[in-house]
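Participant: Before we start, here is the structure in question, set down as structure tokens.
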Amino acid sequence: MDVEKICNDVKLLARATGEYLKAGQATLRKKDIELKGTRNYVTYIDKEAEQRLVEGLGKLLPEAGFLTEENTVEFIQKEFTWVIDPLDGTTNYVHGDTPYSVSIALMSGRKVILGVVFDPVADQMFYATESGKAFLNGISLQVSTQATLVNGYIGFGIPYNLDKKGEQILQQAMKQFRNCSFRIKGSAALEICYVAAGISDTYFHSGLSPWDVAAGAFILECAGGKCTDFTGGDHYIFGKEMVASNGAIHQEIMESIIQGT
Ligand code: IPD
Ligand code: CA
Ligand code: CA
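Heads up: the sequence shown begins at 53 in the working numbering, then just goes up one per residue.
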């Protein structure tokens, strides 16, 4: 399989889908917006974008299955799996805000071999393949060197289903408000790529799904960063919790915010 060629085709598909999202946001009406749960939105655009991606990706690699957020295609266990979020950042999207993104990962078994995250408004295409490097619009990415929480630039998110553990972590984060700068941008896939690009030093979130993180985490690792679950293990794609970082700040974030020791 020529992963580089597939990645180029995936980028084209991500761009086309992103342009569809952008045009759709400009004409989105109140009645197009549905609620899946409290503050968890979905629109016909999420579903249509997903169908377009499934059709396009299906042609690229007919032997691959799909794991998608909007369930427009049934998940069947196969050797290769496309893990896709057609619109990451729907809350921003329905409020006429940015950023939002298209996120596509290809897994071979339990291993990600390709990741593409596209922000159509900023025109930012983040991508990586198993060849090892990560890129933003053709320029190679590198994580930041910030090694301490003090003066760190830290992304995080608030899950739709905030459980006790998630709430505890947010409270521990609050204790650091005087020490570092926190940001919620509202698209997990992009926020992990911001760590890969050296914009943020770390990003943490509980209650995430594989389609939120698979592509971004792979891009970050290819850029020299580190991802773990909340115990420091590697169950961050399917384990619903992730700490993404430049590596240097990881331990301190784990101790001060995640484990609160
Ligand atoms: C959400 C975004 C958000 C994060 C949520 C995700 P969606 O994805 O990534 O930043 O905080 O937990 O579910 O619903 O916009 O695809
Ligand atoms: Ca998402
Ligand atoms: Ca989504």
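Built from N, CA and C at the ideal position, the CB exists for glycine as well.
Note that the structure is a prediction, hence the values are computed from the model and not measured.
Is the stretch 219-230 in contact with the stretch 172-187, if contact means three or more CB pairs nearer than 8 Å?
Facilitator: The stretch 219-230 is not in contact with the stretch 172-187.
Participant: Does ligand 3 have a heavy atom nearer than 7 Å to the CB of L119?
Facilitator: L119 Cβ: outside cutoff for every heavy atom of ligand 3.
Participant: By how many angstroms is the C-alpha of L112 removed from the C-alpha of T280?
Facilitator: Those two C-alpha atoms are separated by around 31 Å.
Participant: Which partner residues does Y92 have in the DSSP bridge list?
Facilitator: For clarity, residue 92 is Asn in the given sequence; the question names Tyr instead. Bridge partners of N92: G89.
Participant: Excluding five sequence neighbours on each side, which residues of the same chain lie with their C-beta closer than 6 Å to the C-beta of D253?
Facilitator: Around D253: S196, Q198, G204, Y205, N298, I301.
Participant: Once the 5 residues before and after G76 are set aside, which same chain residues still bring their CB inside 7 Å of it?
Facilitator: Closer than 7 Å at the Cβ level, and outside the excluded window around G76, lie I97.
Participant: If you measure from the CB of D175, is any heavy atom of ligand 5 nearer than 7 Å?
Facilitator: Ligand 5 is absent from the structure shown, which contains only ligand 1, ligand 2 and ligand 3.
Participant: Check this for me: beta carbons of I221 and I310, under 8 Å apart or not?
Facilitator: Going by C-beta atoms, I221 is nearer than 8 Å to I310.
Participant: Thinking C-alpha only, which one of P138, G238, G184 is nearest E273?
Facilitator: Checked all of P138, G238, G184; the closest Cα to E273 is G184.
Participant: In the DSSP output, what is S297 paired with across the bridge?
Facilitator: Answer by DSSP bridge pairing, in chain order: T254, K278.
Participant: Are R91 and F170 touching if we call contact CB-CB under 8 Å?
Facilitator: It is not a contact, given that the beta carbons lie outside the stated cut-off.
Participant: Once the 5 residues before and after E115 are set aside, which same chain residues still bring their CB inside 8 Å of it?
Facilitator: Contacts found: K130, E131, F132.
Participant: Mind checking which residues open and close the alpha helix (DSSP H) that includes L242?
Facilitator: Segment 240-248, the alpha helix (DSSP H) holding L242.
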